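As structure tokens, the structure follows; a few thoughts come after it.
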Amino acid sequence: MFKRPLLPGLIWTLLIAALTLMPGNYIPRITSFLDWFNPDKIVHLILFGTYTFLLLEGFRRQEGHIFLKKRHILLALFIGIVFAFFTEVMQKHVIPGRNGNIYDFLADVLGSILGITAWRFTRRNDKKNLHSSKKYN
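Numbering that gives the first Met the number 0 puts the first residue of the sequence shown at 0, with every later residue one more than the last.
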């Protein structure tokens, strides 16, 4: 079965679920100059970007799972999209005081894409650093 490298992603899943499925009357209203930039969408980007990044890192560290090695990016994006859809549907139809909307869903998907981009960037830099250190050893 899956091993410990997926633990950060699973914990982040629970955090997103707790925050997005909380009844609306429990969410504090923050008013500041950030209202001009709609901080709600920024939170969605950060939550789902981090989520997808953690999933990819967990998938990368799995040993003996050929499927994860070959399809890890598509799988992480798929999981991010499905989870985003699930949280918005739950907010719209189940959670009191919350309303799911398409713009939050799109921010979640964009966050997942940004998480993949950040993960690929860090992996590319890891490979460059590995090759550089081999040249000088």
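Glycine residues also receive a C-beta, built at the ideal position from the N, C-alpha and C atoms. Remember, predicted model here, so these are calculated numbers, not experimental data.
- With a cut-off of 8 Å on Cβ pairs, the segment 106-125 is in contact with the segment 49-59, counting three or more such pairs.
- Take K91, set aside five residues on each side of it, and the residues of its chain with a beta-carbon closer than 8 Å to its own are R97, N98, G99 and N100, in chain order.
- Contact between G110 and L46 is confirmed by a C-beta separation of about 7 Å, below the 8 Å threshold.
- Assignment of G79 by DSSP, reduced to helix, strand and coil, places it in the helix class.
- Taking 8 Å as the upper bound for CB-CB distance, L9 and A106 are not in contact here, some 22 Å apart.
- Taking C-beta atoms under 8 Å as the contact rule, T121 and L20 fail to qualify, at a distance of about 30 Å.
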